[in-house]
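Student: Structure below; questions to follow.
Numbering (my numbering), first residue to last: 114 to 536.
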């Protein structure tokens, strides 16, 4: 009868999702319907817990198989979340390209026909349909994009604002739909893969060590005490380390809490709520600055005053830390500073990059210079990520391997002495 508990949890999760679909219908919930989001999150939790318990149930009596299952679950969860988020990002870029085409053809109000033919999933698809309804009602592009941010890439409001100022909405949407730089995309993909491997290995090792400290070490110590054998210093150090029973219990609790936390983060991402966005913004701040420079280049290319550009970006850009810098740069520009001086004063340009912009101003080629600086920043970020991964990953893996070797040697040497003593 134990197997009925996971089955019941699974059925509750499926029933909640079916009830939500029937209650809200094809139109879906409103953007800020927190009751819907709460019920959807609970349904994902029930489904994840039910599937996890169902998979773990036949392996409850086998610690080795349990460790393999934890390893596969962690890697599989990372792969699932990464695949879903990548697919959503691609769908949002596709929507931006479709809007660009519709804007060029003067058929912006007919975008519902384009969106209806696409399979974009629950979140992006519903946001795209709401966006098309607002455009059909005659709402300006910028206002529609600002109120439906989930239909397009994250910086869509900023690109729409720049496009409106420059009277070049199609070009701004084309820039928005541009795929990520392949070098930077490859580097970020490698980082995600390596982080997934390290987290999975660390969790597995933590659970193994906690089980080892709770079940193996006490029996190992009692056996050698019975035969009155002197343990080697390495073995004694290992036993003393695990002799403090709360440490093993704390390691077990920490591993379980980490698993639960990872599961909750994965559910949030599957629900299109990126809870680690602040950390990602900090890690990829150079890429965000590159996007800002491309927006400024687009505006200057269409003869928009850079002071107006900086104000629009300081209001609409989604990263708070960069909005404060842009606001300061706008104040500098309003007080009469040039574009490179205003950006350099708030760490959006280095001194060498500001010198390049000043040179480009004299020859009338500022947009090209800004785009080259943006490309250089992306390549530099990718190179640094590759260097960090190539140095940190082997060091961490070797450290784990040396720790495992220490445990194996600490257990093997006393066993040899025990066999010699018995013989």
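Cβ atoms here follow ideal geometry from the backbone N, Cα and C, with glycine treated the same way.
1) According to the Cβ coordinates, are residue 411 and residue 274 closer than 8 Å?
2) Quick check on DSSP: helix, strand or coil for residue 260?
3) Out of curiosity, what's the CA-to-CA distance linking residue 191 and residue 386?
4) Report yes or no: do three or more beta-carbon pairs, one from the segment 151-163 and one from the segment 124-134, lie closer than 8 Å?
5) Alpha carbons only, please: which of 440, 473, 436 and 434 is nearest the one belonging to residue 453?
6) Determine the extent of the alpha helix (DSSP H) in which residue 401 is found, giving its start and end residues.
7) What does the alpha-carbon distance come out to for the pair residue 591 and residue 212?
8) With distances taken Cα to Cα, identify the nearest neighbour of residue 299 among 505, 496 and 508.
9) Would residue 134 and residue 347 be called neighbours here (beta carbons separated by less than 8 Å)?
10) Which first and last residues belong to the alpha helix (DSSP H) in which residue 299 is found?
11) Quick one, which of 420, 460 and 471 has its alpha-carbon nearest residue 438's?
12) Spatial neighbours of residue 490 within its chain, please: C-beta separation below 8 Å, excluding the five flanking residues on both sides.
13) Hey, out of 466, 214 and 203, whose CA is closest to residue 281's CA?
14) If we ignore side chains and look at the alpha-carbon of each, how far apart do residue 373 and residue 216 end up?
15) Report yes if the C-beta distance between residue 443 and residue 423 is below 8 Å; otherwise report no.
16) Using C-beta distances below 7 Å, list every residue in its chain close to residue 409, excluding the 5 sequence neighbours before and after it, in chain order.
17) So which of 245, 277 and 251 has the shortest CA-CA distance to residue 262?
18) So the alpha helix (DSSP H) residue 233 belongs to, where does it begin and stop?
19) By Cβ distance below 6 Å, which residues in the same chain neighbour residue 130 in space, the five residues on each side in sequence not counted?
20) Using only CA atoms, which one of 308, 272, 219 and 466 lies nearest to residue 248?
21) Identify the continuous alpha helix (DSSP H) that holds residue 328 and give its terminal residues.
22) Within 8 Å, do at least three Cβ pairs link the segment 190-205 to the segment 321-329?
23) Check this for me: beta carbons of residue 265 and residue 205, under 8 Å apart or not?
24) Does residue 440 have its Cβ less than 8 Å from a Cβ in chain C?
25) Restricting to Cα atoms, I'd like to know which of 235, 189, 242 and 277 is closest to residue 254.
26) Ignore the nearest five residues each way along the sequence and tell me which others in residue 509's own chain have a CB closer than 8 Å to its CB.
27) Quick check on the DSSP output: the alpha helix (DSSP H) that includes residue 287 runs from which residue to which?
28) So, using beta-carbon positions, are residue 258 and residue 201 closer together than 8 Å?
Tutor: With the structure as the only source:
1) no
2) Here residue 260 carries a helix assignment [DSSP, helix/strand/coil].
3) 15 Å
4) Taking 8 Å as the limit for Cβ pairs, the verdict is that the segment 124-134 does touch the segment 151-163.
5) 473
6) 398-414
7) Any question about residue 591 goes unanswered here, given that the chain covers just 114 to 536.
8) 496
9) no
10) 295-324
11) 460
12) 399, 400, 402, 403 and 406
13) 214
14) 46 Å
15) Cβ distance < 8 Å, so residue 443 and residue 423 count as in contact.
16) 419, 422 and 483
17) 245
18) Counting along the chain, residue 233 falls outside any alpha helix (DSSP H), and DSSP gives it neither H nor E.
19) 156
20) 219
21) From DSSP, residue 328 is part of no alpha helix (DSSP H); its letter is neither H nor E.
22) no
23) yes
24) The displayed structure is made up of one protein chain only, and chain C is not part of it.
25) For the residues 235, 189, 242 and 277, the minimum Cα distance to residue 254 belongs to 277.
26) 311
27) 282-289
28) no
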